[in-house]
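Peer 1: Residue numbers for the sequence shown follow this note's numbering, beginning at 3 and rising by one.
Even glycine gets a Cβ: it sits at the ideal position worked out from N, Cα and C.
My questions will all concern the structure given below.
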Amino acid sequence: MSGNNKGKKSDKSGKGAEERTAGGSGNHGALSRRRLLGGVGATGAAGLVLGAAGGATGYAATRPEAPTALTSVGSTQVMFHGKHQPGITTPLQTRGHLLAFDLAPGGGRKEAVALMRRWSDVARRLMAGEPADGGAADGTAHDTGISLDAGPSSLTITFGFGHTFFDRTGLADRRPPGLDPLPPFSNDRIDPKHSDGDLWVQIGADDALVAFHALRAIQKEAARSTRVRWQMNGFNRTPGATARPMTARNLMGQIDGTGNPKPTDDDFDRRVFVPAGTGSGYEWLAGGSYAVVRRIRMLLDDWEKLPVERQEGVIGRRKKDGAPLSGGSETTPMDLDKAGPDGRLLIPDNAHSRISSPEKNSGAAMLRRPFSYHDGTAPDGTPDAGLLFICWQADPLRGFVPVQRKLDRGDALSPFLRHEASGLFAVPGGAAEGEYVGQRLLES
Ligand code: HEM
C-alpha cells in the first residue's frame, strides 16, 4: 500500500454521477462524497476504502501499462486486512461471483491450511491491484492478464466455512452452534447440488473483468485440493448510472435495502458481527459473521402482470422512491398502525416490509447485501432470474431464521418467489497483517 493512501471510513456507495468524469488524482473529494452519501441499502454500511488518488498511484507503480488517470471507480481499493473481512460492509458492487468448494477426497486440515494461505495471499494482492502471483513486474508472466488495464475497482474476496468443513478438517469440536443446518421452509425448492459446501468464496468488484480475473485466480489456487461444488454469478447497478446516490433496485424494480441496519446504529456490530469472549472454543470466530446465501428465483412473468399499486401493497412501500405507504420519504420510519380513511392499514397486514421488520420479529435483524442474477430462460420458458440473497448476522437464529419462518407462513411476496438453493457459512474475522484468513481456527 503506498504511503499517500488514506484509509477512509466510508458509507455505502450511492454511486453519484460525478464519478463518470472523475480523474485519478483530482477526484478524492468526489470519491469521499460518493462513499459518504449512499448505503449498502439507503444509508448503508461502512467499509474501509482507500482514497482514489492513492489507489491510482499505487496501482500504476506495479502496472506500467495502467493509465495514470483511473476513474474513482477503477482506483478505489478496499483493505484486505482488518477486524472484519471485506465484502460485508463494503458498498454493493457491480459484479459478483459466489463459489462453493468441497475439499478433494483424502484432503483434510493440512490441505485446508495451505489453501487458505494461498487464497489469502492472492486476495491481498488482487485487492491492492497487483498481479495474482506477485511475480512479473509487468504482471503478464503467470497472471492471466485479464484485469491488466484496470485498477482494483473495489474488489473484495471473502471466505467462509460450511458445516461439513469442520468434519473434513477434524475440527468438529470447533464448529459453532450457529452453523447448525437451517430448518426446512414450506416453500423451499432447494437443489442440494447448488447448496452448502465445505468452503465459500464471495467475489465482488465494480468491474466485470476484475471480478472474473479474481475468480480465475481463486479457482487456480484451489484446483489441486478442491472440487468446485457450485457457482453463481450476479450483478448490481453500475457506479454513476443514476443521477444521484440511491439505494439499489432489484429485478422486480423495487428499491431494496432501505430497512438495513446502519453502521451508525448503536447495535450494528452486535447484530452483524460475532463478539469476542463467547468462550466455548468458538473464539476463532470473533469479529466474524454468518452469511446465509439463498438463490431466490423471481416469478417475473407473474409479478409484472400486477398493476403498480398492487405491487406496492405487496411490499408496503412505493415503487418509485421506496417511501413507506404510511407516508413520508424513503427514510421515514414505517408507521405500521396507520390506517386510511376506510379504516384499512396503509401498510397491509401481509406486506413484506411489515412481516420482515425487526419490530414484528422481536428485534431480529440482518444486513442484506445481495446481487441480482439472470441465467437465461428456464425449461418452462420463464426467465431464470432473481436475487442472490446474502444476509449477514451475528447469529442466524436471531437473524435470518425467525424472519424467514414468518415470511414462509405467507407474506404477500412469497407467491412470486421460489427459494432454489441455500447455504450457511461461518465467515471468520479479517486477517491481521501477516495472518491468513481462518488461521485462528486452523492453527488452534
Ligand atoms: C427475492 C426475494 C426478496 C425480495 C425481492 C425482497 C424485497 C424487499 C424489499 C423491496 C424490501 C423493502 C425495502 C427495504 O427495506 O429494503 C424488503 C425489506 C426487507 N426484507 Fe426482503 N426481499 C426478499 C427476500 C427476503 C428474505 C428471504 C428475507 C429474510 C428472511 C428478507 C428480509 C427483509 C428485511 C429484514 C427487510 C427490512 C424490513 C424493515 O426493517 O423495514 N427479505 N425486502
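Leaving out five residues before and five after ASP410 in sequence, what residues of the same chain have Cβ atoms less than 6 Å from its Cβ?
Peer 2: PHE187, SER188, ASN189
Peer 1: Do ILE298 and GLY318 come within 9 Å of each other at the CB atom, strictly closer than that value?
Peer 2: no
Peer 1: Going by C-alpha distance, which of VAL124, ASP267, THR96, GLY110 is nearest VAL439?
Peer 2: VAL124
Peer 1: With respect to the beta strand (DSSP E) encompassing ALA206, which residues constitute its N-terminal and C-terminal limits?
Peer 2: The residue you asked about is not Ala; residue 206 is Gly in the sequence shown. Unbroken beta strand (DSSP E) run through GLY206: 201-207.
Peer 1: Do you know offhand how far ALA195's Cα is from ARG346's?
Peer 2: It is Lys, not Ala, that sits at residue 195 in the sequence shown. C-alpha separation (whole angstroms): 45 Å.
Peer 1: Please specify which runs of the alpha helix (DSSP H), each continuous and at least 4 residues long, are wholly inside the region 203-271, giving them in chain order.
Peer 2: 210-224
Peer 1: Along the chain, where does the beta strand (DSSP E) that runs through PHE163 open and close?
Peer 2: 158-163
Peer 1: Suppose you measure from the CA of VAL403 to the CA of HIS144; what does that come to, to the nearest Å?
Peer 2: 44 Å
Peer 1: Would you mind sorting GLU311 into buried or exposed? The rule is 16 or more other CB atoms within 10 Å of its CB.
Peer 2: exposed
Peer 1: Where does SER358 fall in DSSP's three states?
Peer 2: helix
Peer 1: Once DSSP output is grouped into helix, strand and coil, what is the label at GLN95?
Peer 2: coil
Peer 1: Residues in its own chain within less than 8 Å of ASP351 by CB, not counting five upstream and five downstream?
Peer 2: The answer is none, since no qualifying residue turns up.
Peer 1: Kindly provide the ranges of any beta strand (DSSP E) runs that are 3 or more residues long and lie completely inside the region 73-131, ordered along the chain.
Peer 2: Within the region 73-131, the complete beta strand (DSSP E) runs of at least 3 residues are 97-105.
Peer 1: Between the Cα of THR92 and those of GLY383, THR160, ASP135, spot the shortest distance and give me the residue it belongs to.
Peer 2: THR160
Peer 1: I'd like to confirm something about MET368: is its beta-carbon nearer than 8 Å to some heavy atom of ligand 1, or not?
Peer 2: yes
Peer 1: Which whole-angstrom value describes the C-beta separation of ALA207 and SER155, a residue pair presumed to lie in contact below a C-beta threshold of 8 Å?
Peer 2: 5 Å
Peer 1: Please tell me whether PRO179 has its Cβ less than 9 Å away from any Cβ of chain C.
Peer 2: Going by chain labels, chain C is absent from the structure shown, which holds only one protein chain.
Peer 1: Count the other C-beta atoms from every protein chain shown that fall within 10 angstroms of the C-beta of THR266, then say buried if there are 16 or more, exposed otherwise.
Peer 2: exposed
Peer 1: Applying the criterion that 16 or more other CB atoms from any shown protein chain within 10 Å of the CB defines a buried residue, is ARG226 buried or exposed?
Peer 2: exposed
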